[in-house]
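Residue numbers (this note's numbering): 18 to 196.
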């Protein structure tokens, strides 16, 4: 597809992709894989940027919806405009303008009861986010969380031998905005 874009639009300098939110068009559990592939696209295409749609207010589309009302699409434009301004007009943003992208995750203790998540930009922690974090497809037993710079630290209520950490699965999402 990128090759076709370059052929059809030879002067294009930047590509922008909206990352789908959980269960778009009632796709089912495979949507988690689609979102992960979309999240990692910039690793393959240096001039491609991804914007999450998760922060869109849920009243603009319900769970499983394919489309949004006019205000929903206007909200997407507000999400994207600082990124377009940065890439095309030299805007220097005062804060991060894209969704955080996980760089790595690791256990910080031998007891495996604490996990660090490193992101490519400064992050914040909100306690309500813990209901959206999974270890090996089970809700993570998080006792508390905190953020410092680019790292979120999760203190678990029990040790874990999990091999995978996931944020916001389609089956566990209630369509409420996450920012």
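A virtual CB, placed ideally from N, CA and C, is assigned to each residue, including glycine.
Check	Outcome
Any idea if residue 40 is buried or exposed, counting beta-carbon neighbours within 10 angstroms, 16 or more meaning buried?	buried
Between which two residues does the alpha helix (DSSP H) holding residue 93 run?	87-106
Distance check for residue 83 and residue 187, CA to CA, integer angstroms please.	14 Å
How big is the Cα-Cα spacing for residue 179 and residue 25?	45 Å
At the 7 Å Cβ level, is residue 119 part of the contact set with chain B, yes or no?	The chain labelled as chain B is not found in the depicted structure, where only one protein chain is given.
Excluding the five sequence neighbours on either side, which residues of its own chain have a C-beta within less than 6 Å of the C-beta of residue 129, listed in chain order?	176 and 177
What number of angstroms, rounded off, separates the C-alpha of residue 99 from the C-alpha of residue 38?	20 Å
Does the pairing of the stretch 144-151 with the stretch 112-125 give three or more beta-carbon distances under 8 Å?	no
Measure the C-alpha to C-alpha separation of residue 21 and residue 101 and round it to an integer number of angstroms.	21 Å
Would you kindly work out how many angstroms separate the C-alpha atoms of residue 33 and residue 59, rounded to a whole number?	10 Å
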